[in-house]
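Heads up: the sequence shown is residues 330 to 447, going by the working numbering.
For each residue, glycine too, the CB sits at the ideal point set by N, CA and C.
Single-structure report; data block below.
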Amino acid sequence: MRRFILPAAVIAGVSGLAAAAFAHHGWGSYDAANPVTVAGPIQTLKFENPHAEITVKGADKVWTVTLAPTSRMVARGASADVVAVGKEVSAYGYPSTAQRNEMRAERVTVDGKIYELR
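Okay, here's the thing in C-alpha cells:
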C-alpha cells in the first residue's frame, strides 16, 4: 500500500502544477497581430502576483490592462507608485481574444518614461 502513496502524491502534485500553469499562462489568447494603445488615467491598481493589473479609462471605454509580475515591474522601475491611481498612462500591447476590453501590456509610458514589461 505504501508503494502507491508516493507515486500518487507525485502525480497529484505534478497535475496540480500543470493546471495552475495552464490557468495562469494564457498568453495565446492575446492577438499579437493587432496591437493597441490605450491611454488615459489609471482608475484602479492591483499590484500583486501573478501579474499587476490596472484599469485605464480610455477614450471610449475602460480597459483592464494586465501588466508584468510585480518583481519584474519593480526591477524595471515601475513600482506601485509609478502606476498609481490617478496617473496618466499609455499602454501598448495586445488585446484579449477571450475577454472584452482587456489587454496584455508590452510597455507602458508614465510621466514621459517608457517601462518595458516583457
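- Query: How is the alpha helix (DSSP H) around A404 delimited, first residue to last?
  - Reply: Here residue 404 refers to the residue found at position 75 when the sequence shown is read from its first residue. Counting along the chain, the alpha helix (DSSP H) containing A404 begins and ends at 399 to 404.
- Query: Would you call the region 395 to 410 and the region 433 to 446 in contact, with 3 or more CB pairs under 8 Å?
  - Reply: yes
- Rounded to the nearest angstrom, how far is the Cβ of T393 from that of E431, given a contact under 8 Å? For the purposes of this step, residue 393 is identified with residue 64 of the sequence shown, where counting begins at 1. For the purposes of this step, residue 431 is identified with residue 102 of the sequence shown, where counting begins at 1. Right, the Cβ-Cβ distance comes to about 4 Å (below 8 Å), so this counts as a contact.
- Item | the region 362 to 370 in contact with the region 412 to 431 per 3-pair CB rule at 8 Å | yes
- Task: For the beta strand (DSSP E) holding V449, just list the boundary residues, first then last.
- Result: Since the displayed the chain opens at 330 and closes at 447, residue 449 lies outside it and no answer follows.
- Query: Going by alpha carbons, who is nearest to A397 out of A413, E377, G387, Q372?
  - Reply: The residue given as residue 397 occupies position 68 in the sequence shown. Checked all of A413, E377, G387, Q372; the closest Cα to A397 is E377.
- For V414, is the classification buried or exposed, using 16 other Cβ atoms within 10 angstroms of its Cβ as the cut-off for buried? For the purposes of this step, residue 414 is identified with residue 85 of the sequence shown, where counting begins at 1. Counting Cβ neighbours within 10 Å, V414 comes out exposed, since fewer than 16 surround it.
- Query: What separation, rounded to the nearest whole angstrom, lies between the Cα atoms of H354 and K390?
  - Reply: Position 25 of the sequence shown, counting from 1, holds the residue named residue 354. Position 61 of the sequence shown, counting from 1, holds the residue named residue 390. For H354, the predicted model reports a pLDDT of 49, less than 50, meaning its position is unreliable; a value from the coordinates is still stated below. One C-alpha to the other measures close to 26 Å.
- Message: Can you check which of these residues, A409, A361, G387, is closest to H380 by C-alpha distance?
- Response: Here residue 380 refers to the residue found at position 51 of the sequence shown. The option with the nearest alpha carbon to H380 is A409.
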